[in-house]
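Down below is the structure, laid out as structure tokens.
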């Protein structure tokens, strides 16, 4: 019985991260007009720990970033990142479910 309880505890302890929710960050960016613009930004964003997927909505000027719930972004960090790529960071909204496509 003791062995069974230890096994159950170990499985629970090690699997907790597997159920961590992903968060989507919708970033409004001026100047994002083509797939190449998205690609250069996505490459930079994917270097940030916890970022899993990057998508876009060019009509709305959005970059959509799916990241684990421990990942945080600051306005200063994003302003610098997008300015270095030639774009203007405007704002960010958090969405509880990822759908970066």
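Numbering (the numbering used here), first residue to last: 3 to 103. Note that CB positions come from ideal geometry on N, CA and C, so glycine has one too. Bear in mind the structure is a predicted one, so any value in this text is a computation, not a measurement.
At least one CB of chain B closer than 8 angstroms to the CB of residue 103: is that the case? Any reference to chain B falls outside this structure, which holds one protein chain only.
Spell out a yes or no on whether the stretch 92-99 and the stretch 44-61 are touching, meaning 3 or more CB-CB pairs, one atom from each, closer than 8 angstroms. With a cut-off of 8 angstroms, the stretch 44-61 and the stretch 92-99 do not count as touching, because too few Cβ pairs lie within range.
Please name the residue in 37, 40, 54 and 30 whose C-alpha comes closest to that of residue 24. Indexing the chain shown from 1 puts residue 24 at position 22. Of the listed residues, the one whose Cα sits closest to residue 24 is 54.
Spatially closest choice to residue 73 from 36, 50 and 102, by CA coordinates: Residue mapping note: residue 73 aligns to position 71 of the chain shown, counting from 1. If you compare the alpha carbons of 36, 50 and 102 with that of residue 73, the shortest gap goes to 50.
First through last residue of the beta strand (DSSP E) which encompasses residue 1: Not covered by the structure: residue 1. The range shown for the chain is 3 to 103.
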